[in-house]
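Worksheet for the structure shown next.
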Ligand code: 4AD
Ligand code: MG
């Protein structure tokens with residue numbers, strides 16, 4: 466088979482990415498990519514190339530190029546796929562610090578003028594862009610957000626991997642609920658058996674913690690909540706650590722240490738992306754230990770003093786979380802919520818059984834809850850009473866009950882929603898931009 470035209474021409478030059486330009490100064494290289502923008506100025510044309518790793522300003526001079534090559538550069542359309550050959554030259558004024566003097570160009574596909582790329586530099590509405598999410602991802606802001614997301618995920622994994630946690634992933638098809646049945650997506654399994662898409666790996670994580678000591682799972686989770694807010698997705702990614710022989714204080718310590726580690730690593734590795742997003746990083750630089758710790762009781766008092774309608778016993782609404790976090794310059798930890806509003810597995814405080822040994826971490830700047838977790842019920846009798854009180858089918862929980870029969874120990878953990886964390890770090894108005902293809906109440910496409 467003949468070598469494809471894609472690989473053949475100019476193959477005497479190294480093919481690099483824009484991010485590698487610094488190592489090829491004064492060298493002629495090839496960069497495959499897409500036309501981001503084109504500026505013309507008489508006998509010089511400035512195609513701006515993007516390749517997913519950066520932007521490169523190219524300079525094409527009429528006199529230095531064969532007539533047909535110059536013409537084809539001049540007539541390039543936005544998002545046409547091209548392979549540019551040229552010499553890398555340092556230029557302090559250029560976007561990435563380098564420019565490329567064009568020596569040749571191969572057009573892989575020229576986008577037709579009759580059906581031009583729909584996303585132009587002008588302002589588009591969110592609906593228009595969301596309908597074209599498959600293309601919108603090429604835009605600089607979206608690109609930056611997804612790169613921050615990658616860094617968050619890597620930082621989370623680095624933290625757990627270097628602190629003695631074993632990755633043990635939990636199932637996505639589950640036979641029963643974890644957080645209550647109202648928010649489950651039901652699917653048909655085989656032979657008319659129903660299964661549900663997981664809303665948390667926690668219960669399985671508890672079994673894994675008894676086998677491995679410290680574990681984490683990290684995967685997609687699903688919530689059929691009919692909430693149409695800027696903080697809710699129906700499919701989101703959650704990282705959940707779980708630790709044997711751990712109490713609420715240990716859970717809080719790990720949550721705090723992990724968040725600081727994630728923020729630090731994102732600041733270190735995603736400076737340019739945060740700049741693209743115009744994020745005020747001084748706010749992130751303030752994220753340091755210790756995070757303010759307050760009880761639910763204290764939080765209710767603060768909220769009431771600020772004019773909230775909340776009464777003891779009620780759950781915080783998004784507005785309450787916003788008011789609360791605006792009082793502080795770093796994430797806060799609120800613990801001991803009323804047991805009545807928390808899940809069946811939350812351990813009651815032995816000194817005050819009406820409150821649970823649970824904790825929520827609320828991000829600053831009004832971003833609200835990013836982490837929920839706490840200490841679990843580890844006593845067999847108590848667990849049985851809680852399962853009955855919550856009208857849960859005992860048969861479905863036999864395996865979970867076993868964990869309290871065979872060497873039960875105090876244990877706990879938490880879950881952090883990756884998208885909520887990314888929205889906060891990027892300073893985004895809405896969570897939908899934090900995942901490549903968001904799933905929400907009214908959005909299943911593209
Ligand atoms: O507070 P949640 O419901 O806690 C649990 O699922 C526990 N079982 C976790 C555990 O202890 N292992 O959810 C945890 C986090 C929230 O703090 C939030 O960041 C995120 O998951 N989250 C959502 N993110 C996006 N869209 C939604 N609909 C979310 N629901 C929860
Ligand atoms: Mg929660």
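In my numbering, the protein residues as written are 466 to 911. Just so you know, even glycine gets a beta-carbon here, dropped at the ideal spot from N, CA and C. Quantities reported herein were computed from a predicted structural model and do not represent experimental measurements.
Rounded to the nearest whole angstrom, the C-alpha separation of residue 881 and residue 578 is 46 Å.
Comparing alpha carbon positions, the residue from 804, 827, 735, 745 closest to residue 816 is 804. Look at residue 814 here: in three-state DSSP terms it is strand. About 7 Å separates the Cβ atoms of residue 906 and residue 699, confirming a contact at the 8 Å cut-off. Here DSSP, grouped into helix, strand and coil, assigns residue 574 to strand. DSSP, read as helix, strand or coil, puts residue 751 in coil.
In terms of CA proximity to residue 836, 883 leads the group 765, 581, 883, 659. For residue 552 and residue 609, the gap between their C-alpha atoms comes out near 27 Å. Taking non-hydrogen atoms of the ligand MG into account, the C-beta of residue 707 is found less than 8 Å away from none of them.
For residue 772, the closest C-alpha among the options 785, 640, 872, 548 is that of 785. By a beta-carbon distance limit of 8 Å, residue 505 does not contact residue 527. Their separation comes to about 11 Å.
Secondary structure at residue 601: helix, using DSSP grouped into helix, strand and coil. Counting C-beta atoms within 10 angstroms of its own C-beta, residue 653 has fewer than 16 neighbours from the protein chains shown and is therefore classed as exposed. Comparing alpha carbon positions, the residue from 647, 750, 660, 810 closest to residue 671 is 810. When the five nearest sequence neighbours on each side are left out, the beta carbons in the same chain lying within less than 6 Å of the beta carbon of residue 631 are those of 677, 680, in order along the chain.
Between residue 739 and residue 764, the C-beta spacing is not below 9 Å. Apart from the 5 residues on each side of it in sequence, residue 694 sits with its Cβ closer than 7 Å to the Cβ of 783 in its chain, given in chain order.
Secondary structure note for residue 675: it is in no beta strand (DSSP E), and the uninterrupted alpha helix (DSSP H) holding it is 667-677. For residue 826 against residue 617, the beta-carbon gap comes to about 15 Å, at or over 8 Å, which does not count as contact. Secondary structure at residue 489: helix, using DSSP grouped into helix, strand and coil. Under DSSP, the beta-bridge partners assigned to residue 497 are 548. Taking the C-beta atoms as reference points, residue 640 is found no nearer than 9 Å to residue 669. Counting along the chain, residue 884 sits inside no beta strand (DSSP E); it lies in the alpha helix (DSSP H) bounded by residues 883-891. Residue 736 sits in a helix when the DSSP states are folded into three classes. Every unbroken stretch of the beta strand (DSSP E) spanning 3 or more residues and falling wholly within the stretch 741-792 is given here in chain order: 758-760. Using a 10 angstroms sphere on the CB of residue 871, the tally of other CB atoms stays under 16, which defines it as exposed. When 807, 828, 857, 849 are compared, the shortest CA-CA separation from residue 838 is found for 807. Per DSSP, the beta-bridge partners of residue 706 are 681. Residue 829 counts as buried, since no fewer than 16 other beta carbons sit within 10 angstroms of its beta carbon. In the pairwise beta carbon analysis, the stretch 856-867 is classified as not touching the stretch 598-613: fewer than three pairs are separated by under 8 Å. Shortest gap from the CB of residue 667 to any heavy atom of the ligand 4AD: under 8 Å. The shortest CA-to-CA distance from residue 503 to any of 480, 533, 489, 543 is the one to 543. If you look at residue 853, you'll find it in the alpha helix (DSSP H) that goes 845-854.
According to DSSP, residue 834 shares a beta bridge with 827.
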